[in-house]
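Numbering (the numbering used here), first residue to last: 34 to 602.
Taking it in order: structure first as structure tokens, then the write-up.
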């Protein structure tokens, strides 16, 4: 099609190329795919932690039923019959949990759809599809089969005669059973720690992106809108320059407007910038496709609140008959003129929409704007609109109060100049920044919710295992108290056991977190993948959870009556 158009209309279509892209790829970018992968991995980790918790509880329950199993085996029940019984119980739990999970999922889906406005095709009905139902059923049944059969370990070691002779504690409280339960608790913490650390890194990332240093501008009371001059009507560059100059004069005179300006593409979360090659004065090599340049009008830097570091910014006198000039950002100045001031240097620009010409650097401004995933600012050049008029511009205006009140007056002003010019994408810069941080913010919310769930599961798991350990060691603790051990010593004994389990799980989880943190480092801004504050805070938080989970069982153990404990079975 492009070739036929170029042949039929060589004057306008000879140099136009066509770029095609699958619709799914356009709707779901690589960054979206990575985001969904992180979500799925986090959910899988929480599911695994929950399954480990259930397996531990099943083990504890089976340990208290050792005498029941021994009696059934003595009466002729085969081990396979006991396994089928345990499997049936696990399947009932899994089916109940799966159905409840679907009900909660339906409620959460409605809540999610009602609270977001950025999902493509959201006007279509979004519901749980049959594939999701099948997926939930498979996950529930798989969890029952894999983790629900943990009590089989207990039944495989039961000797009916020995069990009925020695009692429950002698068999259920054996060292091998305790080691398995302890290993499950350690594994639970080892899996949960990386997820909580990812949450901490994501939260710190979003906090860093919200800082003023990242934006480099003052977004307060700043309004932006897009203006497109029809090229069939504004064919000459001088017409475009005159229109924008007149527009800024009229809008700047409106009540409540402090300053106004325009840029070819507002650099907030956008990669829409013109690119090209550059040759620096005094150097032979050419830098190919390294930079982005923007066309800006006088007043743009002032309206955005961008700091001028050296030199000057553009004025109305910088027109087509003047010396070609440009302003660079701090990143470009430091990268290409590290030995001194960039002001006064010359560069040769050769861009997609810019004719090759030597331009003089007249000023250096601070880095500003927002980039995808909070990447560092790229080197950037800004060219005066009077020397390179662009038909489409992002207009910015700073108001004295709420900029929303100035929208209609700005519309009327532009409509009075030319009623055929479209004005769209009217938003405040605060809204743009909010949208720019949308994915990062949702990621932190999502991981934060899962992290809270992980901490709750870890607390429940530790509390369960320590409570069961106290029950198993009732005789031992009673003897210690009878032999003169104080309540403080019993308290420390139980809490130390909890901290040993927690410390081992945290250490393993820390080793697993290091490669994950290094992988996330490329997607984080203002925080490293091995951020000591995040890692230290998460470790202290998990230790606090371990102390809270071990304190109540330890307190109960310290209050054991030795006379009752010595008779306990």
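Beta carbons: idealized from backbone N, C-alpha and C, even for Gly.
When you compare the CB positions of residue i and residue j, do they come within less than 8 Å of one another, or not?
i           : j           : result
residue 485 : residue 257 : no
residue 222 : residue 539 : yes
residue 394 : residue 359 : yes
residue 333 : residue 366 : no
residue 261 : residue 424 : yes
residue 397 : residue 344 : yes
residue 527 : residue 586 : yes
residue 544 : residue 579 : no
residue 263 : residue 453 : yes
residue 279 : residue 69  : no
residue 249 : residue 400 : yes
residue 491 : residue 575 : yes
residue 571 : residue 76  : no
residue 301 : residue 465 : yes
residue 24  : residue 412 : Past the boundaries of the shown model lies residue 24; the chain is included only from 34 to 602, so the question cannot be answered.
residue 473 : residue 238 : yes
residue 667 : residue 265 : With the chain running from 34 to 602 in the structure shown, residue 667 is simply not present.
residue 259 : residue 457 : yes
residue 78  : residue 290 : no
Report the residue from the options whose alpha carbon sits nearest the alpha carbon of residue i.
i           : options               : result
residue 433 : 288, 515 and 135      : 288
residue 420 : 116, 270 and 123      : 270
residue 607 : 283, 94 and 219       : Within the shown structure, residues of the chain are numbered from 34 to 602, placing residue 607 beyond reach of any answer.
residue 80  : 225, 128, 100 and 92  : 225
residue 241 : 429, 176 and 561      : 561
residue 233 : 172, 559, 500 and 249 : 559
residue 115 : 274, 375, 163 and 98  : 98
residue 165 : 251, 564, 138 and 263 : 138
residue 219 : 541, 564 and 550      : 541
residue 168 : 128, 529, 456 and 140 : 128
residue 74  : 549, 376 and 364      : 549
residue 10  : 515, 140, 227 and 46  : Past the boundaries of the shown model lies residue 10; the chain is included only from 34 to 602, so the question cannot be answered.
residue 252 : 536, 467 and 482      : 467
residue 459 : 49, 63, 443 and 163   : 443
residue 588 : 503, 565 and 566      : 503
residue 83  : 438, 67 and 483       : 483
Here's the rule: buried if 16 or more other CB atoms are within 10 angstroms of the residue's CB, otherwise exposed. What is residue i?
i           : result
residue 51  : exposed
residue 147 : exposed
residue 351 : buried
residue 546 : buried
residue 231 : buried
residue 529 : exposed
residue 53  : exposed
residue 106 : buried
residue 58  : exposed
residue 507 : buried
residue 43  : exposed
residue 567 : buried
residue 5   : Residue 5 lies beyond the stretch modelled for the chain, which goes from 34 to 602, so this question has no answer here.
Near residue i, which residues of its chain fall below 6 Å by C-beta distance, leaving aside the five closest residues on each side in sequence?
i           : result
residue 591 : 520, 523 and 524
residue 201 : Low local confidence applies: a pLDDT of 48 at residue 201 is under 50, so the model's placement there is unreliable, with the coordinate-based value given in what follows. Within the same chain, residue 201 has close Cβ partners 99 and 100.
residue 347 : 331 and 417
residue 235 : 476, 477 and 480
residue 582 : 492, 495 and 496
residue 206 : Only weak support is given to the placement of residue 206: the predicted model assigns it a pLDDT of 48, under 50, and the question is left unresolved by the model.
residue 285 : 293
residue 48  : none
residue 340 : 399
residue 368 : 412
residue 329 : 296 and 415
Spatial neighbours of residue i within its chain, please: CB distance less than 7 Å, with the 5 preceding and 5 following residues excluded, ordered by chain position.
i           : result
residue 217 : 85, 88 and 89
residue 374 : 343
residue 554 : 561 and 562
residue 455 : 261
residue 356 : 393
residue 500 : 586
Who are the Cβ neighbours of residue i in its own chain at under 8 Å, not counting the five residues just before and after it?
i           : result
residue 215 : 498 and 534
residue 441 : none
residue 429 : 255, 256, 257, 293, 294, 295, 296, 299, 333, 336, 337 and 462
residue 436 : 254, 255, 256, 430 and 461
residue 349 : 278, 331 and 419
residue 46  : 35, 38 and 39
Sufficient close CB pairs (3 or more, under 8 Å) joining the stretch 130-140 to the stretch 163-176: yes
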